[in-house]
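Since the structure comes first, as structure tokens, the remarks are kept for the end.
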Amino acid sequence: MIKMKVCMLGAFAVGKTSLVQQYVNSIFSEKYQTTLGVKIDKKSVSINDQTLELILWDLAGEDEFIEVRSSYLRGSSGVILVADGTRAETLDIALMLKQKVDREVGEIPFILLVNKADLADNWTIDQTRLEQLKQDGWFIMLTSAKDSANVEDAYLALATKLQQTL
Amino acid sequence: MKTQYPDNVINKILQITLETHTFAYLAIDRDGVLLNRSGNIIDLGLPDWKTAENILNEALFLSGMLPLDSGYEFIPSWHVNDNKVVDIHLFQDNDTTWAVLVDKTEDLEWQSQARQKANELRLLQHEMEQHKQSLQTPKDSSSKLHCSFFEALDMMALHQNKDGSFELLHPVSDNFQQIFPEAFANQKKVYPQDKFLFIENFLIDAQQLWDLAINHQRITSGPWIETLAHGDNVALEAIAINWDKHKLLFLAIQDASYQQNHDFLQRGRDEVLLNNILEKEVHKRTELIRAREEEIALRLVCAADSKDSGETGAHIRRLGLYCELMATHLGWKQDKIDEIRIAAPMHDIGKIGIPDAILKKPGKLTDDEFTIMKTHTEIGGKILSNSKSSLVQMAREIALNHHEKWDGSGYPQGLVGEQIAIGARIAAIMDVFDALIHKRAYKSEMSIDEAIQIMTKGRGTHFDPDLFDLFINLKKEVTEITRLNNDSIC
Ligand SMILES: Nc1nc2c(ncn2[C@@H]2O[C@H](COP(=O)(O)OP(=O)(O)OP(=O)(O)O)[C@@H](O)[C@H]2O)c(=O)[nH]1
Ligand SMILES: [Mg+2]
Chain A
1 MIKMKVCMLG
11 AFAVGKTSLV
21 QQYVNSIFSE
31 KYQTTLGVKI
41 DKKSVSINDQ
51 TLELILWDLA
61 GEDEFIEVRS
71 SYLRGSSGVI
81 LVADGTRAET
91 LDIALMLKQK
101 VDREVGEIPF
111 ILLVNKADLA
121 DNWTIDQTRL
131 EQLKQDGWFI
141 MLTSAKDSAN
151 VEDAYLALAT
161 KLQQTL
Chain B
1001 MKTQYPDNVI
1011 NKILQITLET
1021 HTFAYLAIDR
1031 DGVLLNRSGN
1041 IIDLGLPDWK
1051 TAENILNEAL
1061 FLSGMLPLDS
1071 GYEFIPSWHV
1081 NDNKVVDIHL
1091 FQDNDTTWAV
1101 LVDKTEDLEW
1111 QSQARQKANE
1121 LRLLQHEMEQ
1131 HKQSLQTPKD
1141 SSSKLHCSFF
1151 EALDMMALHQ
1161 NKDGSFELLH
1171 PVSDNFQQIF
1181 PEAFANQKKV
1191 YPQDKFLFIE
1201 NFLIDAQQLW
1211 DLAINHQRIT
1221 SGPWIETLAH
1231 GDNVALEAIA
1241 INWDKHKLLF
1251 LAIQDASYQQ
1261 NHDFLQRGRD
1271 EVLLNNILEK
1281 EVHKRTELIR
1291 AREEEIALRL
1301 VCAADSKDSG
1311 ETGAHIRRLG
1321 LYCELMATHL
1331 GWKQDKIDEI
1341 RIAAPMHDIG
1351 KIGIPDAILK
1361 KPGKLTDDEF
1371 TIMKTHTEIG
1381 GKILSNSKSS
1391 LVQMAREIAL
1401 NHHEKWDGSG
1411 YPQGLVGEQI
1421 AIGARIAAIM
1431 DVFDALIHKR
1441 AYKSEMSIDE
1451 AIQIMTKGRG
1461 THFDPDLFDL
1471 FINLKKEVTE
1481 ITRLNNDSIC
């Protein structure tokens, strides 16, 4: 089985841990427990008769207290950038982290998840910026780790991109 | 004792162990006289004991403990005072001396402690340097002592073999039996890199360090989290070090300071999130109130203007938007921008006090009539005077001053240049512009270019030249506002 390392990157509290937990263990918790350190989970996914094992690196959220160590990105095959649709500023952090990945690892497959889609009433993220990114070729999905909308599909989308690189 | 490593290696391991934990170390003789100390004992809530001082009376945790029967005693959660709770480990060092290790378990002043942690570590490191000499003098029973240390501190020390596998250096605590059971099956060949993906990645950096073989150098992995068989999570950290060409790797279960850092981070982030929510709520409500204020203002202005058939609701709406545009490009703060948008439409509110015979007179006004007409500025100023609201204050300035001219030839006060409030200078330009390009009962409309051409004659005489230039620069945006706002709001 081919193993592929995928880093979950984004500002704090955007739902990185929740997305992994929903995808791997089908669970969701309302309570916010910030991740201090790295947590690695695995899940296999089959695409076109090929099975990939995704090694998901859930990294501590980036903010003024904590920065993602470059060594954690090493060896990544893909990246899942996560922003929180209810906190517009988290998109800037996702974009910044994308640049960091480009610098440290080079251009590897990635997708951007705008999470917490179930909270559409509190949406503050700038739609035109998302449209702009889409025009620039970004693959963007609205997800909810809470009601699991698009979660499976999001990982599948990245896995498909990863498989194309093989 | 399984390990064959020389005592200086073991001592180095001990030193690292001390450095990576927040605790104090005391050596005492059989009578309770302090022989040696390191670490910040004051921070742990203990008195500032000096060497050669007998501490038996004050160190209550020692009462009845010496001499030790077992060679090792553990006193968990000893309450030093209301705030400080520590774990105490007692070791028999040799026949006549005992080592006391005081380990911080919990600290109710967690917040300041977390901040101090970095300083503490540095301090401890410094002190350890000073005690290096005594530490590096091996004692007969030191191996036994060190092993107990590792067990008590939830650390695992490994040494890398030539083939890349590792050898376990000492027996480890039960906790590691759960975390890394494979390490106990064959202690001479342990593969942490196969067990933990995180370590596999860390060993790339560790290997570089080991290859450089610079003595004493070390790197830490940062914390990572493992889920145990029964579902609990445990935070670990790895440390790699070069010591006399020995490639040493430590795996440490994170101690109370990790929890403190976590709690500190959690609180900080919870607070940021809560503030975000509150700010959004406040913003939403302010917007609501602003929108309501704006609507009331516009409706009242419309009511007043209905006396004057020339002015329409769409005109006053546009005037607000033009002024908003200008203010935005002048770099005003958002609340001021909102204010001028709402205030500018009230510029002619004083017309409410002008008799209909004059206001609605077709054709030219006589001099006397014009004198009366001009008083609408002062009437407006009066209506809007003495308000504590900065919005109404701005509205007053605009109402009173929007017929003033840059060269001082305007009315009612004949103010010159920057004596005229900036809001009024902006509104003066935009009011004239919008009037020119729209049809009134007494005149037909002009094109935007014609209007600008005519108005340019007033640059520096009627209008503030800088603001006028800005207006010209914003022609495209101004035109857009004109195009989109033809519907009357009242
Ligand atoms: N409503 C809603 N809440 C979500 C969703 N995803 C995550 N959350 C909540 O958002 C908070 C943060 O989620 P986490 O998954 O811990 O976020 P994280 O990105 O791992 O945070 P850090 O580890 O601190 O970087 C938690 O309270 C979750 O319950 C979602 O899709 N919808
Ligand atoms: Mg997390």
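Protein chains in written order, with the numbering used here: chain A, 1 to 166; chain B, 1001 to 1490. Beta carbons: idealized from backbone N, C-alpha and C, even for Gly.
- Counting along the chain, Asn-1242 (chain B) sits inside the beta strand (DSSP E) bounded by residues 1233 to 1243.
- In this structure Glu-62 (chain A) is in contact with Ala-11 (chain A), their Cβ atoms being roughly 6 Å apart against a cut-off of 8 Å.
- Residue state for Thr-1456 (chain B) is assigned as helix, using DSSP reduced to three classes.
- Around the beta carbon of Gln-99 (chain A), fewer than 16 other beta carbons sit within 10 angstroms, so the residue counts as exposed.
- Boundaries of the beta strand (DSSP E) harbouring His-1089 (chain B): 1084 to 1092, taken from the DSSP string.
- Where Phe-1468 (chain B) is concerned, there is no enclosing beta strand (DSSP E), although the alpha helix (DSSP H) around it starts and stops at 1465 to 1473.
- For Arg-1269 (chain B), the nearest CB of chain A lies under 7 Å from its own CB, placing it at the interface with that chain.
- Using a 10 angstroms sphere on the CB of Asp-1464 (chain B), the tally of other CB atoms reaches 16 or more, which defines it as buried.
- Ala-1424 (chain B) places its beta carbon less than 7 Å from that of Ile-1398 (chain B).
- The Cβ atoms of His-1347 (chain B) and Ala-1427 (chain B) sit closer than 7 Å to each other.
- Those residues of the stretch 138 to 160 of chain A placed with their C-beta closer than 7 Å to a C-beta in chain B do not exist.
- Contact between the stretch 1334 to 1353 of chain B and the stretch 1396 to 1416 of chain B is established, with three or more Cβ pairs separated by less than 8 Å.
- Annotation for Lys-116 (chain A): Gly-15, Asp-84, Gly-85, Thr-86, Ser-144 place their beta carbon closer than 7 Å to its own, counting only its chain and skipping 5 residues before and after.
- Per DSSP, Lys-1382 (chain B) is not a residue of any beta strand (DSSP E); the alpha helix (DSSP H) it occupies stretches across 1376 to 1383.
- Interface annotation, Gly-78 (chain A): not in contact with chain B, CB-CB separation never under 7 Å.
- Remark: C-beta atoms of Ser-1165 (chain B) and Lys-1189 (chain B) approach each other more closely than 7 Å.
- Annotation for Lys-1336 (chain B): the continuous alpha helix (DSSP H) segment containing it runs 1334 to 1343.
- Within the stretch 17 to 36 of chain A, those residues whose Cβ lies closer than 8 Å to any Cβ of chain B are, in chain order, Tyr-32, Gln-33, Thr-34, Thr-35, Leu-36.
- Within 10 angstroms of the beta-carbon of Lys-1405 (chain B) lie 16 or more other beta-carbons, which makes it buried.
- Contact residues of the stretch 1197 to 1224 of chain B toward chain A are Leu-1197, Phe-1198, Asn-1201, Phe-1202, Ile-1204, Asp-1205, Gly-1222, Pro-1223, Trp-1224 (C-beta to C-beta distance below 8 Å).
- Counting only residues of its own chain and dropping the five nearest sequence neighbours on each side, Val-1100 (chain B) has a CB closer than 7 Å to the CB of Leu-1026, Ile-1028, Ile-1088, Leu-1090.
- Considering only B:Glu-1182, B:Asp-1043, B:Asn-1094, B:Ala-1052, the residue with the shortest C-alpha distance to Asn-1081 (chain B) is B:Asp-1043.
- Comparing alpha carbon positions, the residue from B:Glu-1237, B:Asp-1031, B:Trp-1049 closest to Leu-1066 (chain B) is B:Asp-1031.
- Gly-78 (chain A) carries a strand assignment under DSSP once its states are collapsed to helix, strand and coil.
- Per DSSP, the beta-bridge partners of Cys-7 (chain A) are A:Trp-57, A:Val-79.
- By the rule that beta-carbons nearer than 7 Å mark a contact, Leu-1249 (chain B) does not touch chain A.
- Annotation: the continuous alpha helix (DSSP H) that includes Ile-1429 (chain B) extends over 1422 to 1437.
- Chain order gives the chain B residues near Ser-71 (chain A) as Asn-1201, Phe-1202, Ile-1204, Asp-1205, where near means a beta carbon separation below 8 Å.
- At least one heavy atom of ligand 2 sits closer than 6 Å to the Cβ of Thr-17 (chain A).
- The stretch 14 to 31 of chain A and the stretch 130 to 150 of chain A touch, with three or more beta-carbon pairs separated by less than 8 Å.
- Scanning its chain for C-beta atoms nearer than 6 Å, with the 5 sequence neighbours on each side dropped, one finds around Glu-1053 (chain B) the residues Leu-1034, in chain order.
- Interface with chain A (7 Å Cβ-Cβ cutoff): Ala-1343 (chain B) is excluded.
- Taking 7 Å as the upper bound on Cβ-Cβ separation, chain B lies near residues Arg-87 of the stretch 80 to 100 of chain A.
- For Trp-1224 (chain B), the enclosing beta strand (DSSP E) begins and ends at 1224 to 1227.
- For Arg-1037 (chain B), the enclosing beta strand (DSSP E) stretches over residues 1034 to 1038.
- Exclusion of the five residues before and after Tyr-1191 (chain B) leaves Ser-1165, Phe-1166, Glu-1182 as the residues of its chain whose Cβ lies within less than 8 Å of its Cβ.
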